[in-house]
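Numbering of the sequence shown is given in the numbering used here, commencing with residue 5 and proceeding in unit increments. Cβ atoms here follow ideal geometry from the backbone N, Cα and C, with glycine treated the same way. Keep in mind it's a predicted model, so treat the numbers as computed, not measured.
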Amino acid sequence: MIRFEDVSVTYDGAAEPTVRGVDFEVPEGELVLLVGPSGTGKSTVLNSVCGLVPHFTGGTLRGRVTVAGRDTRTHKPRELADVVGTVGQDPLSHFVTDTVEDELAYGMESLGLAPEVMRRRVEETLDLLGLADLRDRPITTLSGGQQQRVAIGSVLTPHPKVLVLDEPTSALDPAAAEEVLAVVQRLVHDLGTTVLMAEHRLERVIQYADQVALLPGPGAPLILGDPAEIMAVSPVYPPVVDLGRLAGWSPLPLTVRDARRRAGDLRELLNAGSADAAKGRGELRDQPHSTRTRRQSTPPTP
5 MIRFEDVSVT YDGAAEPTVR GVDFEVPEGE LVLLVGPSGT GKSTVLNSVC GLVPHFTGGT
65 LRGRVTVAGR DTRTHKPREL ADVVGTVGQD PLSHFVTDTV EDELAYGMES LGLAPEVMRR
125 RVEETLDLLG LADLRDRPIT TLSGGQQQRV AIGSVLTPHP KVLVLDEPTS ALDPAAAEEV
185 LAVVQRLVHD LGTTVLMAEH RLERVIQYAD QVALLPGPGA PLILGDPAEI MAVSPVYPPV
245 VDLGRLAGWS PLPLTVRDAR RRAGDLRELL NAGSADAAKG RGELRDQPHS TRTRRQSTPP
305 TP
């Protein structure tokens with residue numbers, strides 16, 4: 005569905021490419037999580053999918069990026085809008101209307117869809133994302149999680165095959181983040197939407213990923229693989245993976261539930277160590293007082 009073929013991007017005035025030799029594929033209906041330290045080009049990779057790179061950012065894109073067979077070098081973002089939907093960190097920066105229902109309809113109006121088609125898709129999206137009770141609400145009165153759901157809904161109504169998410173939960177509290185990620189999971193599992201997502205808080209999303217794409221450093225080749233395998237070599241990882249590394253677990257746990265299951269042997273080892281220590285202290289207390297005193301008062305041998 006999304007294909008990168010030896011892609012390098014160099015921005016105007018830059019001495020070196022921001023990303024170099026990126027070559028991977030996101031299969032249809034999968035969620036691929038893009039990870040890496042700051043400054044490694046994650047946003048550049050994401051924006052290459054929707055055509056913002058290089059059409060709006062400038063610079064030079066070498067290689068080839070295709071989405072549903074369309075080459076993003078020869079198709080501008082508007083010409084990709086029916087196959088790619090993009091949502092960033094700040095939903096308010098995406099909104100162009102005042103109410104939820106109007107925002108869901110706006111993208112379809114821009115594509116010139118028939119009114120009856122727009123009405124049907126708005127109703128479907130309101131139901132899918134749990135927004136029916138909010139349809140007439142001003143967007144500015146919604147919570148962060150609700151606003152992000154509206155932002156996702158506004159790019160879903162044109163029925164894109166691909167959803168690009170650039171840290172969609174980074175500005176949300178845990179409850180709102182869970183709300184948004186539940187929607188994303190539903191889109192992948194129920195509708196077969198292909199999702200490429202970058203997220204700073206990996207502990208929130210790693211469990212949902214089919215594959216992880218790692219940009220290990222500026223200009224370094226991208227590595228694609230199973231989430232646990234990539235976390236074993238990634239310079240960025242959630243706390244539960246850090247625990248797994250320290251404990252020497254293989255495969256690494258990706259969720260607290262995984263870690264709890266793996267921790268059984270560790271708990272037994274710790275309990276055994278505590279029991280041995282307690283036994284040693286008990287034996288010392290049971291020694292005759294005269295023996296302990298004699299040992300403590302024996303002068304050093306000259």
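- From which residue to which residue does the beta strand (DSSP E) around glutamine 211 run? Where glutamine 211 is concerned, there is no enclosing beta strand (DSSP E), given that its DSSP letter is neither H nor E.
- First and last residue of the beta strand (DSSP E) that includes aspartate 10? 6-14
- Identity of the residue in Val26, Ser12 and Asp27 nearest glutamate 20 by Cα: Ser12
- In angstroms, rounded to a whole number, what distance separates the CA positions of aspartate 27 and threonine 259? 29 angstroms
- Message: If you follow the alpha helix (DSSP H) that arginine 124 is in, where does it begin and where does it stop?
- Response: 119-132
- Message: Determine whether the beta carbon atoms of methionine 201 and threonine 161 lie at a separation below 7 angstroms.
- Response: no
- Query: From glycine 33 to leucine 167, what does the alpha carbon distance come to, in whole angstroms?
  - Reply: 10 angstroms
- Item | Residues sharing a beta bridge with methionine 201, DSSP | Answer by DSSP bridge pairing, in chain order: Leu37 and Leu169.
- Item | Burial state of aspartate 170, where buried means 16 or more other Cβ atoms lie within 10 Å | Buried: at least 16 other Cβ atoms inside 10 Å.
- Who does glutamine 215 pair with in a DSSP beta bridge? Val36
- For leucine 258, which of helix, strand or coil comes out of DSSP? coil
- Is the beta carbon of leucine 219 sitting closer than 7 angstroms to the one on glycine 25? no
- So, do the stretch 50-59 and the stretch 204-221 have three or more beta carbon pairs nearer to each other than 8 angstroms? no
- Message: Assess contact between the stretch 190-201 and the stretch 140-148, defined as three or more Cβ pairs (one per stretch) separated by less than 8 angstroms. Is contact present?
- Response: no
- Task: To the nearest angstrom, report how far apart arginine 82 and arginine 249 are at their CA atoms.
- Result: Computed Cα separation, rounded: 45 angstroms.
- Message: Between Ala232, Pro239, Gly229 and Ala217, which has its C-alpha nearest serine 47's C-alpha?
- Response: Ala217
- Residues in its own chain within less than 7 angstroms of aspartate 16 by CB, not counting five upstream and five downstream? Gly62 and Gly63
- Query: Helix, strand or coil: which one does DSSP assign to arginine 74?
  - Reply: Look at arginine 74 here: in three-state DSSP terms it is strand.
- Message: Checking 7 angstroms against the spacing of the C-beta atoms, do glutamine 152 and valine 184 come in under that value?
- Response: yes
- Item | Where the alpha helix (DSSP H) containing isoleucine 234 begins and where it ends | 231-235
- Nearest to leucine 226 by alpha carbon, out of Val49, Leu117 and Thr14? Val49
- Cβ neighbours of threonine 173 in the same chain (closer than 7 angstroms, five flanking residues each side left out): Ala181, Val184, Leu185, Glu203, Arg205 and Arg208
- Query: Does the beta-carbon of glycine 332 have 16 or more other beta-carbons within 10 angstroms, so that it is buried, or is it exposed?
  - Reply: No statement about residue 332 is possible, as the shown extent of the chain runs from 5 to 306 and does not include it.
- Message: Assuming threonine 48 is part of the beta strand (DSSP E), what are its boundary residues?
- Response: Premise fails: threonine 48 lies in the alpha helix (DSSP H), 46-54, not in any beta strand (DSSP E).
- Query: In this structure, does DSSP put threonine 103 in helix, strand or coil?
  - Reply: Three-state result, threonine 103: strand.
- Query: Between which two residues does the alpha helix (DSSP H) carrying arginine 190 extend?
  - Reply: 178-195
- Item | Nearest neighbour of threonine 14, chosen from Val36, Val39, Arg66 and Leu35 [CA to CA] | For threonine 14, the nearest C-alpha among the options comes from Arg66.
- Task: Kindly list the residues whose CB is nearer than 7 angstroms to the CB of alanine 263, restricted to its own chain and excluding five residues on each side of it in sequence; keep chain order.
- Result: Val244, Leu247, Gly248 and Pro257
- Contacts around aspartate 214, its chain only, beta-carbon distance under 7 angstroms, and the 5 residues preceding and following it disregarded: Glu34, Leu35 and Val36
- Task: Specify, as a first and last residue, the run of the beta strand (DSSP E) that glycine 223 falls within.
- Result: Looking at the DSSP string, glycine 223 is not in any beta strand (DSSP E), and its letter there is neither H nor E.
- Task: Go ahead and label glycine 40 buried or exposed: buried means 16 or more other beta carbons lie within 10 angstroms of its beta carbon, across all protein chains shown.
- Result: buried
- Message: Helix, strand or coil, according to DSSP, for glycine 25 in the structure here?
- Response: strand
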